[in-house]
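Numbering (the numbering used here), first residue to last: 3 to 178.
Following this line, the structure appears as structure tokens:
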């Protein structure tokens, strides 16, 4: 039996995924999803420490700034749910013992702060991970095809896309 082997370096140099639109994406950590409690409703812990939080609004923060643009919010949510960063905090904000909001923050475990950004991952990996999650949620194949449109597995970034609020780095890896 003939075996073929390819080093990681050689594989990366021959990578043709860019011809299919693959990109490596990066942004400024952390990415924060803030869940706002409905104003005027009780939001205190019960005797078991459980809190019924009725979500009255959602805010997004990327790299310390608020992200209001609808397209960028969708991109940010996609990066948060499909990227390779870990949840670093789940922090509630309190006022007079009442929960005002809960922040869900994601960031890489380690990143070079001097560069000003961190890599979230390859778009192709995010798409294939989402496909795997939709077809084999526990690691065992439950369905051969996801119950969604193929276009919903990824996010399209036009070539001329210019971010408004969410700073985004896009690397198109070309074979050598």
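Beta carbons are placed, not taken as given, at the ideal position from N, Cα and C, and that holds for glycine.
Pull up the distance between the alpha-carbon of residue i and that of residue j, whole angstroms please.
i, j, result
"residue 11", "residue 52", "51 Å"
"residue 25", "residue 66", "24 Å"
"residue 20", "residue 155", "18 Å"
Going by beta carbon distance, what residues of the same chain come within less than 7 Å of residue i, once the five residues before and after it are set aside?
i, result
"residue 111", "88"
"residue 70", "167"
"residue 84", "128, 131 and 132"
"residue 47", "53"
Can you tell me where the alpha helix (DSSP H) with residue i in it begins and where it stops?
i, result
"residue 106", "Looking at the DSSP string, residue 106 is not in any alpha helix (DSSP H); the run it does join, the beta strand (DSSP E), is 100-109."
"residue 70", "Counting along the chain, residue 70 falls outside any alpha helix (DSSP H), and DSSP gives it neither H nor E."
"residue 12", "10-15"
"residue 137", "125-137"
Please report the Cβ distance between residue i and residue j, rounded to the nearest whole angstrom; I am assuming they are in contact, meaning their Cβ atoms lie under 8 Å.
i, j, result
"residue 27", "residue 170", "7 Å"
"residue 33", "residue 64", "5 Å"
"residue 101", "residue 92", "The pair is not a contact, with the Cβ atoms about 12 Å apart (cut-off 8 Å)."
Could you pull out every residue in the same chain whose Cβ sits closer than 6 Å to the Cβ of residue i, ignoring the five residues on either side in sequence?
i, result
"residue 136", "148"
What residues in its chain sit with their C-beta under 8 Å from that of residue i, if we drop five residues either side in the sequence?
i, result
"residue 68", "61, 62 and 167"
"residue 139", "none"
For residue i, report the span of its beta strand (DSSP E) as first-last.
i, result
"residue 92", "88-97"
"residue 149", "Premise fails: residue 149 is in no beta strand (DSSP E) and is neither H nor E."
Sufficient close CB pairs (3 or more, under 8 Å) joining the region 75-94 to the region 142-152: no
Contact the region 102-118 vs the region 128-139: 3+ CB pairs below 8 Å: no
Three-pair Cβ contact test at 8 Å for the region 94-112 versus the region 149-162: no
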